[in-house]
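Note sheet for the following structure.
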Amino acid sequence: YSVLEGVAFSAADSLLAIQDSGTIIQRASLIGNAPRNGFWDDLLVTACNLPLSLHAPELDAESLGAAYLACLATGDFQASELCLTPPVSKIIFPRDEWREELALRFARFRRIYQSLQAEFAIQEPVS
């Protein structure tokens with residue numbers, strides 16, 4: 091659980107940084123053919139406090155991205171022609187019963203991370 095929560099809180103922290111820059115985000119997406127886990131999805135969406143669109147699991151995001159880049163490299167296509175939103179299979183919403191507890195834990199996560207920030211800046215000697 092702690093690993094999943096840490097990843098969810100890192101995503102939520104990154105989302106806050108993007109929002110602090112003035113970008114308005116109304117919904118996020120998960121794409122790819124990784125197995126879906128309802129608990130993980132609920133934890134992530136509640137930590138980020140943002141609806142999450144799940145896309146068709148059969149969509150191979152890596153191959154699709156490579157194909158988009160190849161098409162752009164030819165010069166025959168514009169990004170607006172290729173980068174279309176894939177079909178949404180499901181939208182999940184934050185779980186109200188988890189919000190308060192996760193908000194408290196997320197605040198602690200941010201305090202701890204801030205208190206250790208100087209440690210991350212220290213360059214260890216390479217041996």
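Using this note's numbering, you'd call the opening residue of the sequence shown number 91 and step up by one each time. In this text, a Cβ means the ideal position worked out from N, Cα and C, and glycines have one as well.
Does the beta-carbon of residue i have 16 or more other beta-carbons within 10 angstroms, so that it is buried, or is it exposed?
| i | result |
| --- | --- |
| Ala146 | exposed |
| Phe199 | buried |
| Phe210 | exposed |
| Val135 | buried |
| Leu194 | exposed |
| Leu192 | buried |
| Ala102 | buried |
Output the boundary residues of the beta strand (DSSP E) element that contains residue i.
| i | result |
| --- | --- |
| Leu120 | Ala118 to Leu120 |
| Val216 | Taken as a continuous stretch (DSSP letters only), Val216 belongs to no beta strand (DSSP E), as it is neither H nor E. |
Locate the alpha helix (DSSP H) running through residue i, then write down its first and last residues.
| i | result |
| --- | --- |
| Val93 | Ser92 to Asp110 |
| Cys173 | Cys173 -> no alpha helix (DSSP H), and no H or E assigned at all. |
| Thr136 | Gly128 to Cys138 |
| Gly155 | Ala151 to Thr164 |
| Ile114 | That residue, Ile114, is in no alpha helix (DSSP H); it is neither H nor E in DSSP. |
| Ile202 | Asp186 to Ala211 |
I think residue i touches residue j, with their Cβ atoms under 8 Å apart; what is that distance to the nearest whole Å?
| i | j | result |
| --- | --- | --- |
| Ala118 | Leu142 | 5 Å |
| Leu162 | Ala151 | Not quite, the Cβ-Cβ distance comes to about 16 Å (not below 8 Å), so this is no contact. |
| Leu140 | Ile115 | 7 Å |
Can you check DSSP and say which residues form a bridge with residue i?
| i | result |
| --- | --- |
| Ile181 | Ser143 |
With distances taken between CB atoms, is the gap from residue i to residue j smaller than 8 Å?
| i | j | result |
| --- | --- | --- |
| Phe45 | Ala137 | This structure cannot settle anything about residue 45, because the visible part of the chain is limited to 91 through 217. |
| Ala98 | Leu133 | yes |
| Pro177 | Ile121 | no |
| Trp130 | Leu105 | no |
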